[in-house]
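Inspection log for the structure reproduced underneath, given as structure tokens.
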Amino acid sequence: MAVDATQPYDDQNVFAKILRGEIPCRRVHEDEWTLAFHDINPQAPNHVLVIPKGAYVSWDDFSAKASDAEIAGFVRAVGQVARAAGLVAPGYRLLANTGPNSHQEVPHLHVHILAGRPLGPMLAAMP
Ligand code: AMP
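Structural data, given as structure tokens:
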């Protein structure tokens with residue numbers, strides 16, 4: 403179901419459960435601010451989700467309320483995950499869905515890193 407990104411944080415969402423260790427993930431990176439793991443339904447050969455450890459519904463929530471340290475830590479982690487996976491030279495795409503028109507499904511901010519093949523025009527890659 404599409405997420406209303408204006409709603410309060412729901413701590414029963416699937417990424418909150420992953421952060422609490424209640425359900426597993428295929429982790430690729432973890433630091434003070436951030437967890438990154440493989441998407442369970444990959445849309446490209448490389449499809450990793452990077453999430454902040456803080457309770458933020460969306461990019462909107464995060465950009466308005468997170469501390470400078472959280473924002474810096476998260477943004478640097480996104481770059482680090484892509485760099486460590488060797489994705490800079492071939493290229494990669496970042497995607498952060500926010501709210502119903504974007505088809506956001508999980509109400510905890512996540513940035514998709516998509517790579518590993520030519521991804522085509524911007525919106526055609528994920529219809
Ligand atoms: P979005 O539409 O931007 O909210 O994307 C949510 C993403 O979360 C989708 O690509 C799902 O495949 C992915 N997803 C949902 N549940 C899990 C899970 N348990 N582990 C990893 N990825 C998940």
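The numbering of the sequence shown is the working numbering, which starts it at 403 and goes up by one. Every residue, glycine too, gets a C-beta built ideally from N, C-alpha and C.
Residue i beta carbon near the ligand AMP (any heavy atom closer than 7 Å)
{"i": "Val480", "result": "no"}
{"i": "Ile442", "result": "yes"}
{"i": "Val416", "result": "yes"}
Buried or exposed (CB count within 10 angstroms, at least 16 for buried), residue i
{"i": "Gly456", "result": "buried"}
{"i": "Val490", "result": "exposed"}
Spatial distance of residue i from residue j (CA atoms)
{"i": "Ala407", "j": "Ala466", "result": "13 Å"}
{"i": "Pro402", "j": "Ala498", "result": "The question about residue 402 has no answer, for the chain in this structure spans 403 to 529."}
{"i": "Thr436", "j": "His512", "result": "10 Å"}
{"i": "Ile515", "j": "Gln414", "result": "24 Å"}
C-beta neighbour in chain B for residue i, strict 8 Å
{"i": "Ser504", "result": "In the structure shown, chain B cannot be found, because there is only a single protein chain."}
The beta strand (DSSP E) enclosing residue i, as first and last residue numbers
{"i": "Ala466", "result": "It is not in any beta strand (DSSP E) - Ala466 instead sits in the alpha helix (DSSP H) that spans 461 to 467."}
{"i": "Ala438", "result": "436 to 440"}
{"i": "Arg429", "result": "429 to 432"}
Range of the contiguous alpha helix (DSSP H) that encloses residue i
{"i": "Arg519", "result": "Careful: Arg519 lies outside any alpha helix (DSSP H) and carries neither H nor E."}
{"i": "Leu497", "result": "Run containing Leu497: none in the alpha helix (DSSP H); it sits in the beta strand (DSSP E), 494 to 497."}
Inset, instruction - Evaluate contact between the stretch 474 to 488 and the stretch 414 to 428, counting only Cβ atoms and requiring at least three cross-stretch pairs below 8 Å. - result: Taking a cut-off of 8 Å on C-beta distances, the stretch 474 to 488 does not touch the stretch 414 to 428, as fewer than three cross pairs fall below it.
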